[in-house]
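Residue numbering for the sequence shown follows this note's numbering, starting at 796 and increasing by one per position.
Read the structure below first, then the notes.
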Amino acid sequence: MKHNNLFLNIAAFVTVAIWATTFISSKILLNTFTPLEVMFFRFVIAYFILLLIHPKFHRADSIKEEILFATCGITGGSLYFLTENNAVKISLVSNVSLILATAPILTAFLAHFFTKTEKLNKNLILGFFIAILGVFLVIFNGNFILKLNPTGDILALGASLCWAIYSVSTKKFGKKYNTLYLTRKIFFYAIITMIPFLFTSEFNFSLSRLMNFNVMLNLLFLGIIASSTCYVVWNFTVENLGVIKTNNYLYFLPVITLVLSIVILHEKMTAFSITGAILILFGVYVSEKGFNLNLLSNNKNKIDKQLEL
């Protein structure tokens, strides 16, 4: 069991690490495509890759279950990315990043009320406040300029809530369906609910733009690795490790982004970013293991006794 849990924890961390790198591909693609076009193409690629790997179809047991599939597709796909992308357009990126970091605690709240096995506790709440302080330090990095934008910030909070709903909703399926099929069906509804937006000025299909090697390479990375592979792994981890523990790894997103910015963009690491990273790590630890003041006190007493001897 311990080895299995180790694998699941590593899987969750690697998934978050890959998602943290997607800003590079997205930045390249946004020079050619709109956010809606990038989102649509990556989900279409992801869907057909999963269809090739797992071509089987299953009939849902009830309309209620089909609605649950649609809910996952909307909250984890179309609505999540639409709210996030529009939030970035309207509000500051730092604001959006900070608000999106509330996804783990929102997930924990929803899991408390809508699942039987995963409940909110004081460790999760304490860990959240420690981790969110760390996220704040990493994102703002000493430049404490918090410019509120109600519309953009509400959209960012909506995106965070969407991810929490998605995570708890996928947990509802349990082990009933193969994770490949579950993820593919979710992508199907994500694509279907994007279709109305394809008739807006934000979408303009052009085959010539897709023929560019660099563009196609980045789209394939987002579709095959960041979407189909990562979503399958994430859904599998949620199913087996738990929705709360898995989502706690989202706190690492700003830390990984920070490391990438230092390695790739040669940005300097500051005292704020180092402190923030440490607080995030500590916050995740507290969420998982708790923070026992009595234990610290006992250890101190043991040390004092040893010194007296």
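Glycine included, C-beta positions come from ideal geometry on N, C-alpha and C.
Values in this document were obtained by computation on a predicted structure and should not be read as measured data.
Buried or exposed by the 16-neighbour rule on C-beta atoms within 10 Å, applied to residue i
| i | result |
| --- | --- |
| residue 854 | exposed |
| residue 1012 | exposed |
| residue 1144 | The first residue shown for the chain is 796 and the last is 1104, placing residue 1144 beyond what the model contains. |
| residue 881 | buried |
| residue 946 | exposed |
| residue 888 | exposed |
| residue 1066 | exposed |
| residue 801 | exposed |
| residue 886 | buried |
| residue 856 | exposed |
| residue 844 | buried |
| residue 884 | exposed |
| residue 870 | buried |
| residue 1008 | exposed |
| residue 864 | buried |
| residue 1064 | exposed |
C-alpha gap between residue i and residue j, whole angstroms
| i | j | result |
| --- | --- | --- |
| residue 877 | residue 1021 | 17 angstroms |
| residue 812 | residue 805 | 10 angstroms |
| residue 979 | residue 846 | 7 angstroms |
| residue 840 | residue 873 | 15 angstroms |
| residue 1086 | residue 893 | 24 angstroms |
| residue 1040 | residue 835 | 30 angstroms |
| residue 921 | residue 861 | 37 angstroms |
| residue 1006 | residue 1048 | 32 angstroms |
| residue 738 | residue 912 | Because the chain here runs from 796 to 1104, residue 738 falls outside it and cannot be looked at. |
| residue 1019 | residue 1003 | 21 angstroms |
| residue 1058 | residue 1075 | 20 angstroms |
| residue 967 | residue 821 | 31 angstroms |
| residue 879 | residue 951 | 6 angstroms |
| residue 928 | residue 1071 | 7 angstroms |
| residue 1098 | residue 1056 | Interpretation of residue 1098 is limited by its pLDDT of 48, a score under 50 that renders its predicted location unreliable; no figure is taken from the coordinates. |
| residue 993 | residue 1023 | 22 angstroms |
| residue 917 | residue 859 | 34 angstroms |
| residue 961 | residue 953 | 12 angstroms |
| residue 903 | residue 803 | 19 angstroms |
Own chain partners of residue i with C-beta closer than 7 angstroms, once the 5 adjacent residues on each side are dropped
| i | result |
| --- | --- |
| residue 898 | 955, 958, 959, 1042 and 1045 |
| residue 807 | 1032, 1036, 1041 and 1044 |
| residue 948 | 886, 890 and 894 |
| residue 851 | 976 |
Neighbourhood of residue i by C-beta, 6 angstroms cutoff - its chain only, sequence neighbours within 5 removed
| i | result |
| --- | --- |
| residue 969 | none |
| residue 868 | 981, 984 and 985 |
| residue 909 | 963 |
| residue 823 | 1013 |
| residue 906 | 913, 963, 1038 and 1039 |
| residue 849 | 975 and 976 |
| residue 900 | 923 |
| residue 965 | 867, 1030 and 1033 |
| residue 1051 | 812 and 815 |
| residue 1016 | 820 |
Simplified DSSP assignment, three categories, for residue i
| i | result |
| --- | --- |
| residue 1071 | helix |
| residue 992 | helix |
| residue 1049 | helix |
| residue 890 | helix |
| residue 871 | helix |
| residue 998 | coil |
| residue 914 | coil |
| residue 1085 | coil |
| residue 1105 | As shown, the chain starts at 796 and ends at 1104. That puts residue 1105 outside it, with no answer to give. |
| residue 825 | coil |
| residue 1018 | helix |
| residue 1063 | coil |
| residue 859 | helix |
| residue 1040 | helix |
Delimiting residues of the alpha helix (DSSP H) encompassing residue i
| i | result |
| --- | --- |
| residue 901 | 898-909 |
| residue 1105 | Residue 1105 is absent from the model: the chain starts at 796 and stops at 1104. |
| residue 985 | 974-987 |
| residue 845 | 830-848 |
| residue 965 | 945-966 |
| residue 926 | 917-935 |
| residue 854 | It is not in any alpha helix (DSSP H) - residue 854 carries neither H nor E in the DSSP assignment. |
| residue 1032 | 1025-1036 |
| residue 1008 | 1008-1015 |
Own chain residues within Cβ distance below 8 angstroms of residue i, not counting five before or after
| i | result |
| --- | --- |
| residue 810 | 1025, 1028, 1029, 1032 and 1044 |
| residue 924 | 1078 |
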